[in-house]
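The next block holds one structure in the form of structure tokens; read it before the comments.
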DNA sequence: ACGGATCCATACCTGGATCCTG
DNA sequence: CAGGATCCAGGTATGGATCCGT
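Residue numbers (the numbering used here), protein chains in the order written: chain A, 25 to 232; chain B, 25 to 232.
Written out as structure tokens, the structure is:
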């Protein structure tokens, strides 16, 4: 937390220079760069293993784009969905719950300024309150239940109060195998779980 | 076949020059290069999809290293093994059988001469005879049966008349999950199916 | 001689997220 | 505005095989 708080007010370009991270210049082609920069700066384990970013602490790191007023501008990706194995998952052991057990949120200024000029904000270490976890669990059960009973085509991003399901792919034509309501094999676009921006916003600014 | 026969007598370096393939100079670091060169030269679909190299023909392409006398010098890799899913496979639908349904063998001179100097030989299009398939099927059942009943540690490369199982990994310390005889989870080196050199040799030179 | 060990290329998948049009 | 679409990085798995010590 000491090291995370030291980022407050710093611009991404300055941090990148200090740690030797090659920050891209085109925002479209550098979507994940600031997230990776902060992983590097805080010593998170690089790579995409099935573990928290700080394995010994059990802490997940996430940047969150905010505007000048502190409003969260984007949803937050949580994890991808294995559509073939969903019927064997339970909330208590789900990847969503594990990912969100303990998150270090780092706000990043998000606007049409160059990446390097974007300022980092005050980090916040968060664990779901009982009420927040209840909301997440209810959304998860609803979404997963719909998929297992009616197939992925029953589910759009309109569903879910805090947690939603949206495409997660390099292109809209990417395909993975899924099963329809009758067990048919379908090729569908890969999906992921996301947190709605309005949910993330509440947990960022709630006074404890 | 016309295009494959046109390779006969050509040296790998000459073919590489014609098609613009960057053939390596160190044999240790270029093990798969001649195979990839011939894929390119014959228009095989690049990449490692779960399909034959020539999908519309249903033909698999394999180079086979032979010495001056036409003796096959090495075993031939067939496919990797998913140790977690073996108990749900049957011979008729197995990856081994699919891979070996129809193979275009291209002999390549194998000796301590530079890669670029190695000559390509007369290609042969092969489908297993009833007797060959019976041998492969028997080996497969024996090997797979031992794994599903006693675990992968029961199986060494000594087993199998035509088909054998050997490590298939970048390093001996690579690990994948497998299950022991009592269902325990074990981390073991990844395995693949291979054809013994003596088997490949018979099918290359048998007069029809 | 050959069983176990190893080497390269590349597709796939997950994780880092934000873009952008109706 | 936000649901659907997209972009990069990098680890893993598979496919191309041959190397090499006992």
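Ideal Cβ placement from N, Cα and C applies to all residues, glycine included.
Owing to the predicted nature of the structure, the values given are computational and were not obtained by experimental measurement.
Taking residue i as the reference, give the member of the options with the closest Cα.
i: residue 192(B); options: 185(B), 180(B), 186(B) and 184(B); result: 180(B)
i: residue 210(B); options: 171(B), 103(B), 84(B) and 93(B); result: 171(B)
i: residue 27(B); options: 49(B), 160(B), 85(B) and 107(B); result: 85(B)
i: residue 222(B); options: 186(B), 123(B) and 62(B); result: 186(B)
i: residue 151(B); options: 82(B), 44(B) and 39(B); result: 82(B)
i: residue 220(B); options: 163(B), 53(B) and 153(B); result: 163(B)
i: residue 229(A); options: 54(A), 41(A), 149(A) and 204(A); result: 149(A)
i: residue 158(A); options: 124(A), 174(A) and 44(A); result: 124(A)
i: residue 205(A); options: 231(A), 227(A) and 177(A); result: 177(A)
i: residue 208(B); options: 225(B), 175(B) and 218(B); result: 175(B)
i: residue 114(B); options: 161(B), 53(B), 49(B) and 128(B); result: 161(B)
i: residue 136(B); options: 153(B), 41(B), 51(B) and 225(B); result: 51(B)
i: residue 167(B); options: 147(B), 92(B) and 218(B); result: 218(B)
i: residue 49(B); options: 224(B), 169(B), 80(B) and 138(B); result: 138(B)
i: residue 102(B); options: 45(B), 165(B), 231(B) and 188(B); result: 188(B)
i: residue 55(A); options: 190(A), 100(A) and 105(A); result: 100(A)
i: residue 234(B); options: 173(B), 165(B), 169(B) and 153(B); result: For residue 234(B) there is no data in the structure shown, the boundaries of chain B being 25 and 232.
i: residue 80(B); options: 146(B), 126(B), 231(B) and 39(B); result: 126(B)
i: residue 173(B); options: 25(B), 112(B) and 147(B); result: 112(B)
i: residue 75(A); options: 53(A), 165(A) and 122(A); result: 122(A)
i: residue 25(B); options: 190(B), 165(B), 184(B) and 128(B); result: 128(B)
What residue does the alpha helix (DSSP H) around residue i start on, and which one ends it?
i: residue 166(B); result: 154 to 174
i: residue 203(B); result: From DSSP, residue 203(B) is part of no alpha helix (DSSP H) but of the beta strand (DSSP E) over 200 to 203.
i: residue 62(A); result: 57 to 66
Using DSSP with H/G/I as helix, E/B as strand and the rest coil, what is residue i?
i: residue 220(A); result: coil
i: residue 117(B); result: helix
i: residue 137(B); result: coil
i: residue 131(B); result: strand
i: residue 215(A); result: strand
i: residue 87(A); result: strand
i: residue 143(B); result: strand
i: residue 102(A); result: strand
Taking the beta strand (DSSP E) that residue i belongs to, which residues open and close that run?
i: residue 148(B); result: 148 to 150
i: residue 43(B); result: Where residue 43(B) is concerned, there is no enclosing beta strand (DSSP E), although the alpha helix (DSSP H) it sits in stretches over 36 to 43.
i: residue 231(B); result: Per DSSP, residue 231(B) belongs to no beta strand (DSSP E) and is neither H nor E.
i: residue 209(A); result: 209 to 212
i: residue 1(A); result: Outside the shown range of chain A, which is 25 to 232, sits residue 1(A), and nothing can be said about it.
i: residue 189(A); result: 187 to 191
i: residue 126(B); result: Segment: none, residue 126(B) is in no beta strand (DSSP E) and carries neither H nor E.
i: residue 96(A); result: It is not in any beta strand (DSSP E) - residue 96(A) carries neither H nor E in the DSSP assignment.
Hey, residue i and residue j are a contact pair by Cβ (cut 8 Å); roughly how many whole angstroms apart?
i: residue 107(A); j: residue 30(A); result: Not really, about 41 Å apart at Cβ, beyond 8 Å.
i: residue 77(B); j: residue 63(B); result: 6 Å
i: residue 43(A); j: residue 65(A); result: 5 Å
i: residue 156(A); j: residue 227(A); result: 7 Å
i: residue 47(B); j: residue 57(B); result: 6 Å
Just checking residue i against the ligand ZN - is the residue's beta carbon closer than 7 Å to any of the ligand's heavy atoms?
i: residue 69(B); result: The ligand ZN is absent from the structure shown, which contains no ligand whatsoever.
- [ ] Decide if the stretch 141 to 150 of chain A is in contact with the stretch 26 to 46 of chain A; the criterion is three or more beta carbon pairs, one per stretch, under 8 Å apart.
- [x] yes
Task: Cβ pair count under 8 Å reaching 3, the stretch 88 to 97 of chain B against the stretch 114 to 126 of chain B - done: no
Open item on the list: Across the stretch 128 to 138 of chain B and the stretch 78 to 92 of chain B, are there enough close Cβ pairs to call them in contact, namely three or more that are closer than 8 Å?
Closed with: yes
Task: Segment contact, 8 Å Cβ cut-off, at least three pairs: the stretch 193 to 201 of chain A with the stretch 212 to 229 of chain A - done: yes
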